[in-house]
Amino acid sequence: MGFLLNTCARTLTALFVLPALAQQPPRTIVAISAGGGDYLKGAGGTLARFIDEGYKVYVIQTGNDEKYSIGLGPAETRLANNADAERAARALGVTEIVNLNNKTGELSQLSSNELRNQMSTLIRFFKPQKLFLPDPYIHYDPEWDQFWTGRAAEETNYTNSGAFLAELVRIGIKGHSVPETYYYSTRRPYRPGEGGHNGARLEAVDISGTFQRKAEALMQLRTTNRAYAEHVRQRLELMNRPSALLEKLDEASVDALAREWLRELAITIGAKHGFSHGEEFNYHGSPPGERQPLPPWILERAKPLPRKP
Amino acid sequence: MRLCLLLGIVSGILIGQGQNRFPLGEIPPGKILLVAQPHHDDHTTDYGMGGVIARFVEHGYKAYYIRASNDEKDGANGYPRNDIINLKETWNGIRILGMEDVISLNWRNDFMNPIPLNELREQLIFLIRKYRPDVVLGHNPWEHYQKNPDHRNVARALVEAYWLAGYDTVHPEHFKLGMKPHAAGHFYGKGRLDWGLGQISNVALELNDSQVRKKERAIAAHRNVYHNPGARRAMQARLAAMGMHVPELDAANDDDASDLILHWWMNWISRDIGGKAGVAYAEDLYYMDPQYHLPGLKAYIDANARKAPSE
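Chains A and B supply the protein sequences, listed in that same order.
Just so you know, we're using this note's numbering here: the first sequence kicks off at 1 and counts up by one.
Just so you know, we're using this note's numbering here: the second sequence kicks off at 1001 and counts up by one.
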């Protein structure tokens, strides 16, 4: 009897459920990131949750990461960081990183239209339902690659309509409007006055269940983590406050510092929203199936339909 | 004791309400208003200033509109036709508001991020020197969550032009053409609010019925992008699903209903801002004059300024 029921259930699934699933468009996310690790820091836990729900995540990396290292030349740095970023992406479950290979730290010299159009092309190709991008309105971050990347990325909201990039339409790549946008702050929590106003909302995500994976992914960024630890060590020495934890920079001490940095970020955000570990976003858009409410200038004139006699 | 407590509660409520209110501003003395925006419809949209323009004109100002882009993306008629239709409809819209002229700079629509900003700024300096406005009105360049590159760059070039047009060290070639330096006295900026905290306005200008009616008609003049005959049936279907209807939509045809919906939109926005300023209708802006951040200096100048003897 059990076998019969099981067979029936499998047959029904094959007949009805699987074809319905196959007809659904693939669930896709594009995460835009200046460096190979920025999207991990700002949104890694949330992306991991979506990956677990069945989303494929593609990362568009704008910079070539040639600057972040200690003791390596630009080309070696780039090779090392790109390899680290690939390992980190795999650890999180990202499907692919597309690296646009612009010179890190020099994005202000780029034509922003060119950068925007590169992103638009890939967004049209991947057709995501959700777009993650660094928030260009997060102030007081001296790394301006976040700003230039975020600014070009938010303009794709315009340029993915059919009225743009006629050359792409000609070769069959049509416009694609992304329904949901998540602005992330790469290195710190949102501050009062930033994000979540008017038509946007501050979206908090509980990443307690995925924090460990986020941390494991971040540990793969060995070259930048080591550079960060070295800079922290030098600054502490300048302040006459050398730390015994960083006296010897080895894999364990570098990892411990990177993990502690990430934990502090996650628990600070989490404490704002009642989670143990959190991430937060300035969110624009509507989730699938949710319709915008009728505008107030219509609703204020609405009356109940007269009853039929 | 109870009386003190009651007074404390009442004054607390009043102070709380006051914090939510925009202070009401007045139209500054002057004769010329120069409005510079990137697009055909930016004078009157949800983040526009059509009612304020109408109020300046009714106050006796001559008003001019600079359209910085070519608006080729707005509409479904292809780039060149969109440009022509949108320019024609700019004229229709600004005439309703009582403005005098449109100057179209024709920069490529939605591609204005990497344009040479000094070149756009020079155009605006030239126009400020030609029209010699008392008041300059445009978008706020410090606005956040503005996805449109045209708005950001036209706004930035405009405030720089507002700052530099008065210096005789800036673009001296203009003076060979008979221009003179001109420092406009007042700047008003608008922010877009539907994507986040665009700006925190510091003043509201009250509108009367006539000014709101002009604003309603001015947006509807941009038929290429706003006329939507299908809107009536879409609204009716959604209302019916809620067991509701709007009698005015039932009575109107599709074309008229499209205009009605636009009129209601502008009217509601004007009432919403008006409610925050304690009046029936208003628009909110960020206002700057050279002393706006130093009210003490303004009081000193008001008390001590004397009219220069005529030569």
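Note that beta-carbon positions come from the ideal geometry of N, C-alpha and C, so glycine has one too.
For residue i, three-class secondary structure by DSSP
i, result
"Pro304(A)", "strand"
"Gln1017(B)", "Unreliable positioning characterises Gln1017(B) in this predicted model, as indicated by a pLDDT of 43, which lies under 50. The coordinate reading is nonetheless provided below. Gln1017(B): helix per DSSP, three-state reduction."
"Phe3(A)", "A caution first: Phe3(A) carries a pLDDT of 49, below 50, which makes its placement in the model too unreliable to give a value."
"Gln1037(B)", "strand"
"Leu1249(B)", "helix"
"Gly45(A)", "helix"
"Ser112(A)", "helix"
"Gly193(A)", "coil"
"Gly1008(B)", "Note that Gly1008(B) scores 44 on pLDDT, short of 50, meaning its location in the model is unreliable and no value can be drawn from it."
"Ile1302(B)", "It is worth fixing the name first, because residue 1302(B) is Asp in this sequence and not Ile. Three-state DSSP puts Asp1302(B) in a helix."
"Asp206(A)", "strand"
"His1151(B)", "helix"
"Val1170(B)", "coil"
"Tyr1064(B)", "strand"
"Leu131(A)", "strand"
Residue span of the beta strand (DSSP E) that contains residue i, given as start and end
i, result
"Val94(A)", "That residue, Val94(A), is in no beta strand (DSSP E); it is neither H nor E in DSSP."
"Thr62(A)", "56-63"
"Ile310(A)", "Any answer about residue 310(A) is impossible in this case: the structure gives chain A only from 1 up to 309."
"Lys1190(B)", "1186-1190"
"Asn282(A)", "278-285"
"His1059(B)", "No beta strand (DSSP E) contains His1059(B), which DSSP labels as neither H nor E."
"Tyr1145(B)", "No beta strand (DSSP E) holds Tyr1145(B); DSSP gives it neither H nor E."
"Thr181(A)", "180-184"
"Ala1282(B)", "1281-1288"
"His231(A)", "It is not in any beta strand (DSSP E) - His231(A) instead sits in the alpha helix (DSSP H) that spans 222-238."
"Ala1204(B)", "1203-1207"
"Thr28(A)", "28-33"
Through-space distance from residue j to residue i, alpha-carbon basis
i, j, result
"Ser1258(B)", "Asn1228(B)", "5 angstroms"
"Gly42(A)", "Lys214(A)", "10 angstroms"
"Glu1089(B)", "His1222(B)", "5 angstroms"
"Asn1077(B)", "Gly162(A)", "12 angstroms"
"His277(A)", "Tyr140(A)", "24 angstroms"
"Ile1084(B)", "Gly1075(B)", "11 angstroms"
"Gln1017(B)", "Glu194(A)", "Confidence in Gln1017(B) is poor, its pLDDT being 43 and thus under 50, which makes the residue's placement unreliable; the coordinate value appears in the next sentence. Their Cα atoms are separated by approximately 23 angstroms."
"Pro1080(B)", "Asn157(A)", "23 angstroms"
"Pro1309(B)", "Ala1036(B)", "35 angstroms"
"Ala271(A)", "Phe1022(B)", "34 angstroms"
"Ile1032(B)", "Lys1062(B)", "5 angstroms"
"Lys1214(B)", "Met1244(B)", "30 angstroms"
"Asn81(A)", "Arg222(A)", "8 angstroms"
"Leu1117(B)", "Asn101(A)", "27 angstroms"
"Ile267(A)", "Glu280(A)", "12 angstroms"
"Pro142(A)", "Asn160(A)", "30 angstroms"
"Ile1301(B)", "Trp1195(B)", "40 angstroms"
"Leu1003(B)", "Ala1277(B)", "Unreliable placement is indicated for Leu1003(B), whose pLDDT of 41 sits below 50; the coordinate value is still reported in the next sentence. In a straight line, the C-alpha of Leu1003(B) is about 30 angstroms away from that of Ala1277(B)."
"Ala1218(B)", "Met1266(B)", "10 angstroms"
"Ala75(A)", "Trp144(A)", "21 angstroms"
"Leu249(A)", "Ser69(A)", "14 angstroms"
"Lys174(A)", "Arg116(A)", "16 angstroms"
"Gly54(A)", "Asp1209(B)", "55 angstroms"
"Glu180(A)", "Ala302(A)", "30 angstroms"
"Asp1255(B)", "Thr1044(B)", "20 angstroms"
Limits of the alpha helix (DSSP H) - the one that residue i falls within
i, result
"Met1266(B)", "1254-1277"
"Tyr158(A)", "145-159"
"Asn1106(B)", "Element bounds for Asn1106(B): not the alpha helix (DSSP H) but the beta strand (DSSP E), 1101-1107."
"Ser253(A)", "251-273"
"Gly1178(B)", "Looking at the DSSP string, Gly1178(B) is not in any alpha helix (DSSP H), and its letter there is neither H nor E."
"Gly1093(B)", "1079-1097"
Proximal residues of chain A, C-beta to C-beta of residue i below 9 angstroms
i, result
"Lys1073(B)", "Tyr158, Ser161, Ala163, Phe164"
Within chain A, partners of residue i - CB distance below 7 angstroms
i, result
"Leu1207(B)", "Simply none; closest approach about 16 angstroms."
"Met1244(B)", "Ala302, Lys303, Pro304, Leu305"
Chain B contact residues for residue i, given Cβ-Cβ distances below 9 angstroms
i, result
"Pro296(A)", "Trp1268, Asp1272"
"Ala43(A)", "None at all; the shortest Cβ gap to chain B is about 18 angstroms."
"Gly343(A)", "Residue 343(A) is absent from the model: chain A starts at 1 and stops at 309."
Where residue i meets chain A, residues with beta-carbon distance less than 8 angstroms
i, result
"Trp1195(B)", "Asn198, Gly199, Ala200, His284"
"Lys1147(B)", "Glu154, Glu155, Asn157, Tyr158"
"Met1235(B)", "Leu294, Ile298"
"Glu1248(B)", "Arg301"
"Gly1240(B)", "Per the sequence shown, the amino acid found at residue 1240(B) is Ala instead of Gly. Result: Leu305."
"Asp1134(B)", "Neighbours of Asp1134(B) on chain A: none; closest Cβ ~31 angstroms, over 8 angstroms."
"Trp1265(B)", "Pro295, Trp297"
Contacts that residue i makes with chain B (C-beta to C-beta distance below 8 angstroms)
i, result
"Ser112(A)", "Asn1113, Pro1114, Pro1149"
Chain-ordered chain B contacts of residue i [CB-CB under 7 angstroms]
i, result
"Tyr137(A)", "His1144, Tyr1145"
"Gly195(A)", "Gly1196"
8 angstroms contact criterion, which residue i and residue j should meet: CB distance rounded
i, j, result
"Glu86(A)", "Ile97(A)", "6 angstroms"
"Gly35(A)", "Ala88(A)", "With a Cβ gap of about 11 angstroms, Gly35(A) and Ala88(A) do not count as contacting."
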